[in-house]
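To keep things clear, I will list the structure first and then write my remarks on it.
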Amino acid sequence: MKLTSIVIALFLSAFSAGASAREPEEVAGRLFLKLTGTPLSLGDSRRQGMIDLVKAGKLEEAARIATADPAFFNLTIRHWGAPLTNRAESPAIGLNDATAMIIGLARDQKDFREILTGNFTYGSPEVALSPYNDQHYAQISDLNLAKVLTRVEPQNADLDEAAGILTSRAWGEAHLQAGTNRRAIEFTFRQFLCNPLQNMRDGTIPDTRVHRDVDRSPGGNSQTYLTTCRTCHAGMDALVGAYAYYRFDNTGPFGAGVLQASKVQRKYNQNGDVYPEGYVTTDDSWINLFTENQNKQLQWRGPLSGKGIKEFGRMIADSGAFSKCMVKRTYSQICHRDLETTESAVLDGLANRFEQSGYKLRELFEQVAVHPTCL
Amino acid sequence: MKNFALVYRRFSRLVLMLSLLLLQSCGGGSEKSEPAAVSLAEGASATVGVKNFRQLEGSLRAVLGVSLATEETRGILKRLPIDGKADKVSSSSLLATVQLVGAYCEQFIAVELRQKSNARRVHAKVDFFSPASKFSPAARESVVENYARVFWQRMPTEAEKSELLTLMADIESQSEQPKKKLWEMLIGVCTAAGSSVEFIRI
Numbered sequence: 320m321k322l323t324s325i326v327i328a329l330f331l332s333a334f335s336a337g338a339s340a341r342e343p344e345e346v347a348g349r350l351f352l353k354l355t356g357t358p359l360s361l362g363d364s365r366r367q368g369m370i371d372l373v374k375a376g377k378l379e380e381a382a383r384i385a386t387a388d389p390a391f392f393n394l395t396i397r398h399w400g401a402p403l404t405n406r407a408e409s410p411a412i413g414l415n416d417a418t419a420m421i422i423g424l425a426r427d428q429k430d431f432r433e434i435l436t437g438n439f440t441y442g443s444p445e446v447a448l449s450p451y452n453d454q455h456y457a458q459i460s461d462l463n464l465a466k467v468l469t470r471v472e473p474q475n476a477d478l479d480e481a482a483g484i485l486t487s488r489a490w491g492e493a494h495l496q497a498g499t500n501r502r503a504i505e506f507t508f509r510q511f512l513c514n515p516l517q518n519m520r521d522g523t524i525p526d527t528r529v530h531r532d533v534d535r536s537p538g539g540n541s542q543t544y545l546t547t548c549r550t551c552h553a554g555m556d557a558l559v560g561a562y563a564y565y566r567f568d569n570t571g572p573f574g575a576g577v578l579q580a581s582k583v584q585r586k587y588n589q590n591g592d593v594y595p596e597g598y599v600t601t602d603d604s605w606i607n608l609f610t611e612n613q614n615k616q617l618q619w620r621g622p623l624s625g626k627g628i629k630e631f632g633r634m635i636a637d638s639g640a641f642s643k644c645m646v647k648r649t650y651s652q653i654c655h656r657d658l659e660t661t662e663s664a665v666l667d668g669l670a671n672r673f674e675q676s677g678y679k680l681r682e683l684f685e686q687v688a689v690h691p692t693c694l
Numbered sequence: 006m007k008n009f010a011l012v013y014r015r016f017s018r019l020v021l022m023l024s025l026l027l028l029q030s031c032g033g034g035s036e037k038s039e040p041a042a043v044s045l046a047e048g049a050s051a052t053v054g055v056k057n058f059r060q061l062e063g064s065l066r067a068v069l070g071v072s073l074a075t076e077e078t079r080g081i082l083k084r085l086p087i088d089g090k091a092d093k094v095s096s097s098s099l100l101a102t103v104q105l106v107g108a109y110c111e112q113f114i115a116v117e118l119r120q121k122s123n124a125r126r127v128h129a130k131v132d133f134f135s136p137a138s139k140f141s142p143a144a145r146e147s148v149v150e151n152y153a154r155v156f157w158q159r160m161p162t163e164a165e166k167s168e169l170l171t172l173m174a175d176i177e178s179q180s181e182q183p184k185k186k187l188w189e190m191l192i193g194v195c196t197a198a199g200s201s202v203e204f205i206r207i
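Chains as they are written, first to last, in the numbering used here: chain E, 320 to 694; chain F, 6 to 207.
Listed below in structure tokens is the structure:
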């Protein structure tokens, strides 16, 4: 224990000093290290170029050299994206289709909103790819993903409608297995708006869309429903229709993957005897009722109702909260701390630039890495 | 990996203590005295963390130019920091770091041993087939300086050089296997340099 205390104290004390004027060489080295996770070696041919750009005050151009390195995609983007693809939100998982999508979109400088709307996936053309198992990704996991990943369209020939990560195998395995698909909505908020469901609770939302499986008098107490259950279910159940035709099936003949039916999945109207007067799902329509009170800060833009998962993904991706969430996640990883609530100007500025860049994830990383509060 | 395991069991405490000593001297080494051409805002604060498990292994591969099979490292990687927050550093993660670095160092030294001396990046002045007693002071300094360039991208300070040379001497005096003494000294100094804060921080 004593050794641990000494270790941590020495470690933290070594980093307590604030920055003063720094050598361009040091700045260039730190920039490369932050973005790629690997050192810029003394013999590296890019070293002098980065130093010269730093001397000239062109920090973003110097950062661009770093983000062209394969390690930026293979280490940094992969580590950033992996928590978005599993229920434990851990970066320490094997490569899967969803992480591959994130790496591919970043490398190809696509509009990152496609991660919630696009009909595509990424894989290697050298290895057989199936939407019903992860063998492909296990085989390519240790390769240079920045080089081997190729965009594949459509995402899954058996799906009529795909929506990026929301219909990926990894997402389905995490959130569409058994249950009622509500977890998929909860984690969409949590991971792509950085807003846990409990922060969105709103007792003023009408409960006309709450399903029949929600007890209106749990434990014989209707107040519990009104003050607790309803505050989440009223909004969440109104949205979960977006997934009405989808489930994750690990018993099918092709393996385990996301399946889409032409009618509402049975799970949506199960346990109908709990409260028979509750809402019955008849199609994939959805309504966003999380729009008032504290939820105004999510900055919804565009339609707040629709049909199907792609339109739902579009609503999430177009929100101001999505841009800010991507900034927060990037800042936390690159700068090793979270933005303070007093730094809203920093958050807004970076989010605006992210949108103006066309939602380019690579440019977001560059802008964060050179920000004075980070470098 | 087997040789490193032996060295690790015998000298891990020495290596870890040296890593801690090198903590105190991090950030030094530059002999430049001319003013910086670029200065950051006075109010800017540097944010630092530690390399996460992916970055640590990626960095070792990048600087040493060798790689280990996933099966060899999987158990160690699980004990490394998952994210890069400095307050998540623990003695367990530091020991895992020493273990991982040591395994990579063993692989690297084995590769250098097979190369001609003028092709080696660190051990150009080392005669791998002579006993440790023939390992000259000049050759030892050369190894220390080269490891600093490889891991830290700079020359070591006099204090750092002294500490690493002392480590080599300590391993030499404590080693019980005359034929493996030199090997153990080299693994020890490589591991200490690679486990230092200067390398694991980000």
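A virtual CB, placed ideally from N, CA and C, is assigned to each residue, including glycine.
Using a CB distance cut-off of 9 Å, Arg426(E) does not count as an interface residue toward chain F. Shortest Cα-Cα distance from Val55(F) to any of Asp667(E), Arg656(E) and Leu683(E) involves Arg656(E).
Straight across, the Cα-Cα distance linking Gln517(E) with Ala447(E) is about 42 Å. Residues Ser676 of the same chain have their beta carbon placed closer than 7 Å to that of Glu682(E), with the five preceding and five following residues left out of the count. Within the same chain, Cβ atoms closer than 7 Å to the Cβ of Ala561(E) are found at Asp603, Trp605, Gly627, Ile628 and Phe631, the five residues on either side in sequence being excluded.
The alpha helix (DSSP H) runs of length 4 or more contained entirely in the stretch 579–615 of chain E do not exist; there are none. Boundaries for Val471(E): no alpha helix (DSSP H) harbours it, while the beta strand (DSSP E) harbouring it runs Thr469 to Val471, taken from the DSSP string. Apart from the 5 residues on each side of it in sequence, Gln652(E) sits with its Cβ closer than 6 Å to the Cβ of Trp399 in its chain, given in chain order. Each residue's CA atom was taken as its position, placing Thr499(E) and Gln579(E) some 15 Å apart. Rounded to whole angstroms, the gap between the alpha carbons of Gly368(E) and Arg549(E) is 59 Å. Taking a cut-off of 8 Å for Cβ pairs, the stretch 436–443 of chain E and the stretch 460–479 of chain E touch, as three or more such pairs fall below it. Residues of the stretch 359–389 of chain E with a Cβ closer than 8 Å to any Cβ of chain F, in chain order: Leu359, Ser360, Leu361, Val373, Lys374 and Gly376.
For Asn569(E), the enclosing beta strand (DSSP E) begins and ends at Tyr565 to Gly571. Relative to Asn405(E), the option among Phe506(E), Val373(E) and Glu380(E) whose CA is nearest is Phe506(E). One thing to note: Asn569(E) has its Cβ within 9 Å of the Cβ of Gln496(E). Residue state for His530(E) is assigned as strand, using DSSP reduced to three classes. Judged by their CB atoms, Thr486(E) and Val583(E) are not nearer to each other than the 9 Å cut-off. For Thr75(F), the uninterrupted alpha helix (DSSP H) run begins and ends at Thr75 to Leu82, by DSSP. Under the DSSP assignment, Ser624(E) falls in the beta strand (DSSP E) whose first and last residues are Ser624 to Lys626. Cβ-Cβ separation between Lys353(E) and Ile207(F): approximately 6 Å, consistent with a contact (criterion under 8 Å).
With respect to the 9 Å criterion, Arg426(E) and Ile396(E) are classified as neighbours on the basis of their beta carbons. By DSSP's assignment, Asp430(E) forms a beta bridge with Lys679(E).
CA-to-CA, the gap between Glu380(E) and Cys654(E) works out to about 19 Å.
Any Cβ of chain F closer than 9 Å to the Cβ of Pro572(E) would place that residue at the interface, and such an atom is absent. Of the candidates Ile421(E), Gly483(E) and Leu414(E), the residue whose Cα lies closest to the Cα of Ser460(E) is Leu414(E). Per DSSP, reduced to three states, the secondary structure at Ala375(E) is coil, with no helix or strand assignment.
At least one CB atom of chain F sits nearer than 9 Å to the CB of His655(E). Of the residues assessed, Leu623(E) falls on the exposed side of the cut-off, its CB having fewer than 16 other CB atoms within 10 angstroms. Residue environment: Glu344(E) is assigned as buried (16 or more neighbouring CB atoms within 10 Å of its CB, all protein chains considered).
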